[in-house]
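Input: a single structure, listed below in structure tokens.
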Amino acid sequence: MPRRRTPALLACALLTAGLVGCSGDTGPARPQAVPTQTPAATTPAPRVPAGTAPERAFAVGVRQLKLNRDGDRPLPVTVWYPAAGKAGGEPERSAGAADGRFPVVMFSHGLGGRPADYETLLTRWAAAGFVVAAPTFPHTSRGTDTNVLDVLNQPADVSYALTQVLALDGKAGDPLRGRLAGDRVAAAGHSAGGVTTIGLFTAGRDERLDAGVVFAGTALGVGTAFAGAAAPQLFVHGEADEVVQYAAGKEAYDKVPWPKAMLSLSNGDHGRALLSDGATLRVVSDTTVEFLRWTLYGDEAAKRRIPTDAARGDIAVLDNRL
-9 MPRRRTPALL ACALLTAGLV GCSGDTGPAR PQAVPTQTPA ATTPAPRVPA
41 GTAPERAFAV GVRQLKLNRD GDRPLPVTVW YPAAGKAGGE PERSAGAADG
91 RFPVVMFSHG LGGRPADYET LLTRWAAAGF VVAAPTFPHT SRGTDTNVLD
141 VLNQPADVSY ALTQVLALDG KAGDPLRGRL AGDRVAAAGH SAGGVTTIGL
191 FTAGRDERLD AGVVFAGTAL GVGTAFAGAA APQLFVHGEA DEVVQYAAGK
241 EAYDKVPWPK AMLSLSNGDH GRALLSDGAT LRVVSDTTVE FLRWTLYGDE
291 AAKRRIPTDA ARGDIAVLDN RL
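Per this note's numbering, the very first residue in the sequence shown carries number -9; after that it's consecutive.
Shown next, in the form of structure tokens:
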């Protein structure tokens, strides 16, 4: 992916139709709930072998990595991970890691956000048995110049950060040494981070990724030429999203050629429910945890639970093509 791709037309499109608001046709209606479907014979199966995800909840540790890509892109990374100790407390800084080897999820924040904004959701992933690494991007995080165009450079940032995180598995004395399942990796992100995540499976395809979770995202700027090995995708989008229209997320979802599902939040906006606890976040967190358990641990029982978690209450509708 080019690092300085900023033509005027693309700038206009990103600013007016993708990340900071749009208007016009609401597009197609939300997908209706459908039974689990078997992908067409031409769709390759996910490459993670069958297995079982941890059943217990873990305590959560948290640490910071100071990274810098190419010397001019500082990328501090917050890492939440399964920790030794009693589950249920606040994340403990630099806690010892729990025994086991845990898949990795790279998370990308939205425009004007920071990883800590999503701590409630991301610590639930860590407590379920995942190492979650979230970069703070140099030009789209809170307190920066908020250059929306720099989203196009972020897939490469995530790939760089992933390389550095995975290197911890072999680093003597590191708390995560021997704890990372580097062959089982997903990417996830919200809003501009959703664009970043889609880009990791299209123009900036990172072949190490086995799955993706896109919250309120669009393919604007990164395209829908999904490439490489099959990587199941879960899209989550509010039908009342006032920033990235539901139709834009649905359009990107429709282009995914692999096993996929879309969780449509009936009264969901652009993502405030992701930032604080509540009924909507519980549905989202439970559904995404089961999706990650299936795609990264190969847990078929978790896959079967996805429709049940998604249907709790009248909060969401699941289009299930996994």
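Virtual Cβ for every residue (Gly too), placed ideally from N, Cα, C. Every value quoted in this text rests on a predicted model; they were computed, and no experiment measured them.
Problem - Strand pairing of T68, partner residues [DSSP] - result: Q54, A124
Practice task
Using beta-carbon positions only, say whether H99 and T134 come within less than 9 Å of one another.
Solution key: no
Practice task
Leaving aside the five residues before and after I305 along the sequence, list all residues of the same chain whose C-beta is less than 7 Å from its C-beta, in chain order.
Solution key: L255, S256, A269, T270, V273
Practice task
Out of A220, G119, N137, P249, state which residue places its alpha-carbon closest to the alpha-carbon of V50.
Solution key: G119
Exercise for the section: Go ahead and label E280 buried or exposed: buried means 16 or more other beta carbons lie within 10 angstroms of its beta carbon, across all protein chains shown. Expected result: buried
Practice task
Under 8 Å Cβ to Cβ from V121, same chain only, skipping five residues before and after it: list those, please.
Solution key: V69, W70, Y71, P72, F92, P93, V94, V95, V155, L166, R169, L170
Exercise for the section: Note down the Cα distance separating A(-2) from D299, rounded to an integer number of angstroms. Expected result: Bear in mind that a pLDDT of 40 at A(-2), under 50, signals an unreliable position, so the model cannot answer this.
Exercise for the section: Given a cut-off of 9 Å, decide if V203 and V141 are closer than it, judged by their beta-carbon atoms. Expected result: no
Exercise for the section: In the DSSP assignment, find the beta strand (DSSP E) that holds L170 and state where it starts and stops. Expected result: 170 to 180
Handout entry: Q223: first and last residue of the uninterrupted beta strand (DSSP E) it sits in
Key = 223 to 228
Problem - Residues of its chain near L265, where Cβ-Cβ distance is below 8 Å and the 5 sequence neighbours each way are ignored - result: D107, Y108, T110
Exercise for the section: Report the rounded CA-to-CA distance for V148 versus G239, giving the unit in angstroms. Expected result: 21 Å
Handout entry: Exposed unless 16 or more other CB atoms sit within 10 angstroms - verdict on T42
Key = exposed
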